[in-house]
Amino acid sequence: SLYRILEREKPTQDRTNALVNLDCARYAAHENNGLFPPDEAIWTATWSPLLYRKDQEFMWKLMHDTYKVGEYWRKMDKPDYHNRKYCGECGDDLETMRHILTECPESGQDIFWEEARKLWWLQGHGEWPTGDAFGVILAAGLMRFKDEDRGRDEGAERCFPILTATAWQCIWNARCRKAIPGPDGTKGAATTVEERRASW
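The sequence shown begins at 2 in our numbering and counts up by one.
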């Protein structure tokens with residue numbers, strides 16, 4: 002299987018952050034599905050065929066915690082880079098992917114999740130999965146839903162990973178436009194609530 006191939010190719014050292022993220026996904030899936038998925042199921046879900054390749058790669062890196070944020074900059078040899086470890090939006094917290102995607106009070110991430118939940122409800126899928134928001138992202142491809150007859154709602158199960166990916170794409174792209182200087186050396190301006198809703 003793809004999981005077995007990737008397991009053979011990845012470094013053998015203990016990746017603590019990946020183990021933490023696996024458990025975040027596992028407990029989020031359990032809270033909503035009633036079962037604890039094994040590691041193999043979680044890794045396989047990151048490569049869901051419902052997602053574009055770039056989204057699959059994003060999920061893989063997200064699970065492995067390999068994005069260059071927060072601690073990555075603190076460990077740089079040049080002290081000039083150390084301030085980059087802090088969130089460029091709120092300025093107070095160490096920037097992590099969890100903070101960027103689900104916690105920052107200034108980035109507008111809450112607006113994008115509000116829009117995602119609204120669309121989910123309008124499509125008749127009922128309640129958004131509960132529990133740790135970051136874990137729900139990591140476990141998006143594992144979530145199971147019931148239809149009105151209490152049967153498995155496969156339409157909702159196909160929709161949820163795509164809708165979740167759309168939300169974090171918007172959040173991540175907005176963060177990068179603000180944090181990464183353009184060709185002229187300037188960074189993007191903060192977006193308004195209206196601009197965030199329009200970009201959705």
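Glycine included, every Cβ here is placed at the ideal spot set by N, Cα and C.
Residues that residue i bridges to, as DSSP identifies them
i           : result
residue 153 : 147
residue 95  : 87
Integer-rounded CB distance, given that residue j should sit under 8 Å from residue i
i           : j           : result
residue 42  : residue 133 : In fact, because the Cβ distance is near 18 Å, the residues do not count as touching under 8 Å.
residue 160 : residue 124 : 7 Å
residue 19  : residue 65  : 5 Å
residue 75  : residue 62  : 19 Å between Cβ atoms; not a contact.
residue 121 : residue 168 : At roughly 10 Å, the Cβ-Cβ gap does not stay under 8 Å, so residue 121 and residue 168 are not in contact.
residue 52  : residue 166 : 6 Å
residue 162 : residue 142 : 5 Å
residue 131 : residue 32  : 6 Å
Close-in-space but distant-in-sequence residues of the same chain around residue i (CB under 7 Å, 5 per side omitted)
i           : result
residue 88  : 94, 96, 100 and 105
residue 27  : 37, 38 and 43
residue 68  : 62 and 98
residue 201 : 113, 116 and 171
residue 102 : 110, 135, 138, 169 and 172
residue 164 : 117, 120 and 121
Own chain, CB closer than 6 Å to residue i, minus 5 neighbours either side, in chain order
i           : result
residue 145 : 34
residue 90  : 105, 107 and 108
residue 13  : Residue confidence is low: residue 13 scores 43 on pLDDT, short of 50, so the model does not pin down where it sits. No coordinate-derived value is stated.
Three-state secondary structure assigned by DSSP to residue i
i           : result
residue 100 : helix
residue 40  : helix
residue 124 : coil
residue 49  : coil
residue 140 : coil
residue 171 : helix
residue 181 : coil
residue 197 : helix
residue 129 : coil
residue 106 : coil
residue 82  : helix
residue 70  : coil
residue 13  : Reliability of the predicted coordinates at residue 13 is poor, the pLDDT of 43 falling under 50, and no value is obtained from them.
residue 77  : coil
Same chain, Cβ closer than 8 Å to residue i, five either side skipped, listed in chain order
i           : result
residue 153 : 145, 146 and 147
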